[in-house]
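A.B. asks: Going down the list, the sequences are from chains A and B. Under the numbering used here, residues 103 to 211 are what the first sequence spells out, in order. Under the numbering used here, residues 9 to 121 are what the second sequence spells out, in order.
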Amino acid sequence: EDQVTQSPEALRLQEGESSSLNCSYTVSGLRGLFWYRQDPGKGPEFLFTLYSAGEEKEKERLKATLTKKESFLHITAPKPEDSATYLCAHSGSARQLTFGSGTQLTVLP
Amino acid sequence: DTAVSQTPKYLVTQMGNDKSIKCEQNLGHDTMYWYKQDSKKFLKIMFSYNNKELIINETVPNRFSPKSPDKAHLNLHINSLELGDSAVYFCASSPGGSNTEAFFGQGTRLTVV
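#1: Touching or not, the stretch 106-113 of chain B and the stretch 147-159 of chain A, by the rule of three or more beta carbon pairs under 8 Å?
#2: Residues in the same chain with beta-carbon distance under 6 Å from lysine 159 of chain A, minus the five sequence neighbours each way, listed in chain order, please.
#3: Measuring straight from C-alpha to C-alpha, what distance separates arginine 139 of chain A and leucine 175 of chain A?
#4: Quick one: which residues of the stretch 88-116 of chain B get their C-beta closer than 7 Å to a C-beta of chain A? List them in chain order.
#5: Under 6 Å Cβ to Cβ from leucine 82 of chain B, same chain only, skipping five residues before and after it: list those, please.
#6: Return the Cβ separation of lysine 17 of chain B and isoleucine 86 of chain B in integer angstroms, given the expectation that the two are a contact with Cβ distance under 8 Å.
#7: Using a Cβ-Cβ cut-off of 7 Å, state whether phenylalanine 50 of chain B counts as contacting chain A.
#8: With DSSP run on the structure shown, which of helix, strand or coil describes proline 146 of chain A?
#9: Give the straight-line distance between the Cα atoms of lysine 170 of chain A and valine 121 of chain B, rounded to the nearest whole angstrom.
#10: Using a Cβ-Cβ distance cut-off of 7 Å, determine whether isoleucine 29 of chain B contacts chain A.
#11: Return the residues of the stretch 53-76 of chain B that lie within a Cβ-Cβ distance of less than 8 Å from chain A, sorted by chain order.
#12: Output, in chain order, the set of chain B residues within a Cβ distance shorter than 8 Å of arginine 163 of chain A.
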């Protein structure tokens, strides 16, 4: 069964304190691993797509990496405006996105 | 310009009623979706619609039905609403299939009383 497990559920960081969010997945025939950001009361906002193990993508303070079993979202020197829920999802042979339950990130000034 | 827009943003209705949520995308995407986000913030696919091919999540009750008048619109009709249908519903679109990034609307918070 296709699954996505994210950890931790919640993470509080001081401004400038770098950390990583984890996304473990099981899927038949990975077609894409996605990261989204969701702010309260809004829809998820696309961040990255990764397609194969070893692939990395960066955007400002965020960097996403992918292995055959996990993906990490590394946040370098976060700012309060990075506070949000970060969602991981994958697409497999079922041709549907399966989402994890998210990591709620709070960055304190 | 809003890429994926859905209306209404809030919907409060009584049990047993029938309601619709509208969704429009101006991105020229081929695939549209409906997702349900429950109180624990868990996003679950309900439907995907691509070139008249409808893929239905088997867990979705048949009281829910998507209607696509054209490629840019995918509306969600819900019959005989139940308390458990209360959730936030998101419309999304993507340029290709599920291996391409999806763009989401702002959500419709449905409350059934």
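Note that the Cβ used here is the ideal one computed from N, Cα and C, for glycine as well.
C.D. replies: In this structure, then:
#1: Enough Cβ pairs lie closer than 8 Å, so yes.
#2: By the criterion of a C-beta distance shorter than 6 Å, lysine 159 of chain A is surrounded in its chain by Phe150, Ala166, once the five residues flanking it on both sides are discounted.
#3: In a straight line, the C-alpha of arginine 139 of chain A is about 11 Å away from that of leucine 175 of chain A.
#4: Taking 7 Å as the Cβ-Cβ cut-off against chain A, the residues of the stretch 88-116 of chain B that qualify are Phe98, Gly105, Ser106, Asn107, Glu109, Ala110, Phe111, Phe112, Gly113, Gln114, Gly115.
#5: Non-local beta-carbon contacts of leucine 82 of chain B in its own chain, meaning distances under 6 Å to residues more than five positions away in sequence, involve Cys31, Met40, Tyr57, Pro74, Ser76 in chain order.
#6: Cβ-Cβ separation between lysine 17 of chain B and isoleucine 86 of chain B: approximately 16 Å, too far for a contact (criterion under 8 Å).
#7: So, interface residue.
#8: Coil.
#9: Distance between the alpha carbons of lysine 170 of chain A and valine 121 of chain B: 45 Å.
#10: No, because no Cβ of chain A sits closer than 7 Å to the Cβ of isoleucine 29 of chain B.
#11: Listed by position along the chain: Ile53, Ser56, Ile63, Asn65.
#12: What arginine 163 of chain A touches in chain B: nothing, since even the nearest Cβ is about 20 Å away.
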